[in-house]
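In my numbering, the protein residues as written are 3 to 272.
Ideal Cβ placement from N, Cα and C applies to all residues, glycine included.
Here the structure is laid out as structure tokens; the discussion comes afterwards.
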Amino acid sequence: MAGALTAWAAVTEVHLPFREYPGIEYNDFPLPPDYREQTEFAFARLMYPPAPTARFDRSGSRNGGSGWTQGYSSWTQDYPRADRHFVAALRRLTRLHVRSVEQSVNLDNGDQYDWPWLYAVRPGEWKLSDAEARAMREYLLRGGFFMADDFWGSAEWAVFMESLRKVFPDRQVVDIPNPDAIFHLVFDLDDRYRVPGAWGVYSSQPYQYDGSVPYWRGIYDDKGRVMVVIVANSDLGDSWEFADDPGYPEKYSALGIRIGVNYIVYAMTH
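Below, the structure is given as structure tokens:
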């Protein structure tokens with residue numbers, strides 16, 4: 003683990019500076035006082051162009067512009083509150099030297115190679131270009147790790163897979179078996195259950211569309227390393243975002259944070 007951390011830390015010494023973008027939910031979330039600290043790990047969030055079916059696009063992207071690169075688009079769901087709550091937990095629960103603020107990553111700029119971990123929210127609303135898919139594939143095959151979270155039902159799964167097949171047309175998405183190390187590195191997570199968004203906690207239907215069954219899926223490389231994890235029909239981002247909200251049940255935040263911790267420790271050690 004020490005060797006892996008050292009290797010990634012050496013890369014991040016030349017990374018792009020932190021920048022905060024306007025989000026679809028938050029635009030005045032306070033910056034932590036130590037946000038400029040140089041650390042060995044930062045939570046990197048993927049920026050992506052929205053699909054025509056995206057519900058959240060206040061940036062004008064679907065009208066032919068490139069507004070998604072400036073925020074106000076689907077990739078900013080839960081941002082930055084979820085990211086900052088989660089990294090605060092990651093600091094407490096691991097010995098990783100973690101930056102207190104997130105990093106937004108645009109595949110078109112090639113800066114994904116500076117970050118060992120990449121997270122996307124609502125990828126059932128993304129539409130990667132051919133160039134972005136090639137960049138993602140190269141990043142993953144070089145040792146990067148990608149987590150897709152918070153999309154629901156068969157229609158969003160189809161949109162998600164349309165872009166993912168561009169990334170890996172020759173690799174299968176599979177259910178990650180319970181014995182896999184990714185579920186046992188820090189916490190034993192055999193008992194996983196659907197994590198609803200804050201909108202669904204007290205609803206008679208705590209899921210969206212036909213997405214009633216949670217999936218814990220992934221893509222492996224040729225050496226048996228999980229390089230893509232897919233959290234479909236659950237919303238771990240909300241479990242991080244509302245971890246400090248008394249109205250959001252602790253059991254969901256507890257599971258969501260533990261899953262995220264396991265995934266990151268796996269990403270940094272495999």
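- In the DSSP assignment, no residue is bridged to Ile-259.
- Straight through space, the alpha carbons of Val-175 and Ala-91 are spaced by roughly 29 Å.
- Taken in chain order, the whole alpha helix (DSSP H) runs of length 4 or more contained in the segment 121-184 are 132-143, 155-169.
- DSSP places Gly-220 within a strand segment (E or B) once states are collapsed to three.
- For the pair Val-233 and Ala-157, the CB atoms are not nearer than the 8 Å cut-off.
- Per DSSP, Arg-86 has no beta bridge partner at all.
- One alpha carbon belongs to Asp-182, the other to Val-161, and they sit about 27 Å apart.
- For Ser-236, the three-state secondary structure derived from DSSP is coil.
- Check the Cα spacing between Arg-83 and each of Asp-247, Ala-269, Asp-177: the tightest is with Asp-247.
- Short of 6 Å from the beta carbon of Phe-45, and not among the five residues preceding or following it, lie these beta carbons of its own chain, in chain order: Asp-85, Val-89, Glu-104.
- Non-local C-beta neighbours of Gln-210 in its own chain, meaning closer than 7 Å and more than five positions away in sequence, comprise Trp-154, Gly-155, ordered along the chain.
- The alpha carbon of Pro-35 has as its nearest neighbour, out of Asp-59, Leu-142, Tyr-195, Arg-101, the alpha carbon of Arg-101.
- Annotation: the continuous beta strand (DSSP E) that includes Val-107 extends over 105-108.
- Sixteen is the threshold: since fewer than 16 other Cβ atoms of the shown chains lie within 10 Å of the Cβ of Glu-252, the residue is exposed.
- In its chain, beyond the 5 residues on either side, Phe-153, Glu-158, Val-161, Phe-162 have a beta carbon closer than 6 Å to the beta carbon of Gly-126.
- Assignment of Trp-242 by DSSP, reduced to helix, strand and coil, places it in the helix class.
- Taking Asp-224 as the centre and dropping the five residues before and after it, the same chain places no C-beta closer than 7 Å to its C-beta.
- If you look at Leu-48, you'll find it in the beta strand (DSSP E) that goes 46-49.
- By the neighbour-count definition (other C-beta atoms within 10 Å, threshold 16), Asn-264 is a buried residue.
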